[in-house]
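Peer 1: Before we start, here is the structure in question, set down as structure tokens.
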Amino acid sequence: MTPPHRRPHRHPLRRLPARGTALALLTLLPLLGGSACTQDNKPPTPASAPTAPTGPALTTAQAELLALTRFTNYRRGTAQVTADIPVQGHAARLTGRLDWRRGTGLAILQGNGGLLEHVRHLLRWNRTTVSMKRNWTDPLPTHPPRGGWTQRALAARTSTIDTTLLLLLNLAADRPDNARLLLRSGARHLRNDKVAGVPVTVFAGPSATTPQGTTPGRTRYWIDAEGTLRRFSARLGGGTEWLVATFSA
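Our numbering puts the sequence shown at residues 5 to 253.
Below, the structure written as structure tokens:
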């Protein structure tokens with residue numbers, strides 16, 4: 005008997021459902037761990053979490069802009085990223101490159117005090133695994149070097165760094181989010197500002213609903229007039245500090 009034909013295993017970009025999510029990556033935040041919001045043009049450092057966001061509810065046009073953000077990133081394909089990650093009161097810096105269509109990243113993790121004082125590792129990752137080359141002394145390579153990697157499962161529920169790696173990849177999706185849901189989500193227009201001289205609109209992401217009630221949105225988005233995400237910030241888990249990630253072409 006001829007065995008049935010099996011299709012080759014593939015790793016497509018994971019599609020997150022639009023129903024009930026409104027920027028679906030936000031459903032991860034109550035489950036994950038740590039993070040830094042700063043004044044927009046100052047070097048990001050760990051900072052206390054703000055109170056509930058103040059600002060008007062989104063207009064239809066603003067909801068549509070925010071709903072297109074992850075899809076715009078996916079169509080953009082790749083981006084350079086610099087992210088400051090709060091780790092036990094110190095900011096570790098991740099500098100590298102994201103491939104949003106493939107769902108992968110390559111970056112150097114540089115410690116700055118605490119347990120990460122002397123850390124400088126090369127990381128490559130996807131949504132399920134992280135590989136590391138310890139004590140990396142060279143600049144960021146164009147392509148991941150062969151051999152010498154230590155690989156492990158990505159532990160987004162227990163590691164602030166792994167949470168950051170996953171969130172950065174989940175800032176892209178192969179379809180827009182639901183603008184109508186965003187209008188009812190508690191997302192807010194905070195202000196107009198600039199990132200690296202580029203005018204942006206700053207949004208607070210949707211509120212999170214938990215068994216204890218509704219909590220203020222844990223995310224902030226700096227989006228330019230073309231719909232490009234210039235900066236992203238998130239407060240993860242029960243932490244009081246914010247992750248800050250800035251993007252460029």
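Beta carbons are placed, not taken as given, at the ideal position from N, Cα and C, and that holds for glycine.
(1) DSSP beta-bridge partners for D228?
(2) For the 8 Å Cβ check, are there 3 or more pairs between the region 80–92 and the region 145–152?
(3) Just to confirm the assignment, what range does the alpha helix (DSSP H) spanning T168 have?
(4) Would DSSP call N196 helix, strand or coil?
(5) For a test of the three-state rule: what should DSSP assign to A238, helix, strand or coil?
(6) Could you tell me the boundaries of the beta strand (DSSP E) in which A65 lies?
(7) Do you know offhand how far T141's Cα is from R124's?
(8) When the Cα atoms are used, what is the spatial distance from F75 to A83?
(9) Quick check: what's the CA-CA separation for S52 versus V202?
(10) Which residue or residues does DSSP assign as beta-bridge partners of R124?
(11) Here's the rule I'm using: 16 or more other beta-carbon atoms within 10 Å means buried, otherwise exposed. How should E245 be labelled?
(12) Are I227 and L70 touching if we call contact CB-CB under 8 Å?
(13) Quick one: using the 10 Å Cβ neighbour count with 16 as the cut-off for buried, is T154 buried or exposed?
(14) To the nearest angstrom, how far is it from the Cα of H122 to the Cα of A183?
Peer 2: So, from the listed chains and residues:
(1) V204
(2) no
(3) T164 to L173
(4) Strand.
(5) strand
(6) Run containing A65: none in the beta strand (DSSP E); it sits in the alpha helix (DSSP H), T64 to A71.
(7) 7 Å
(8) 14 Å
(9) In this predicted model, S52 has a pLDDT of only 41, less than 50, meaning its place in the structure is not dependable enough to derive any value.
(10) By DSSP's assignment, R124 forms a beta bridge with Q114.
(11) buried
(12) yes
(13) exposed
(14) 44 Å
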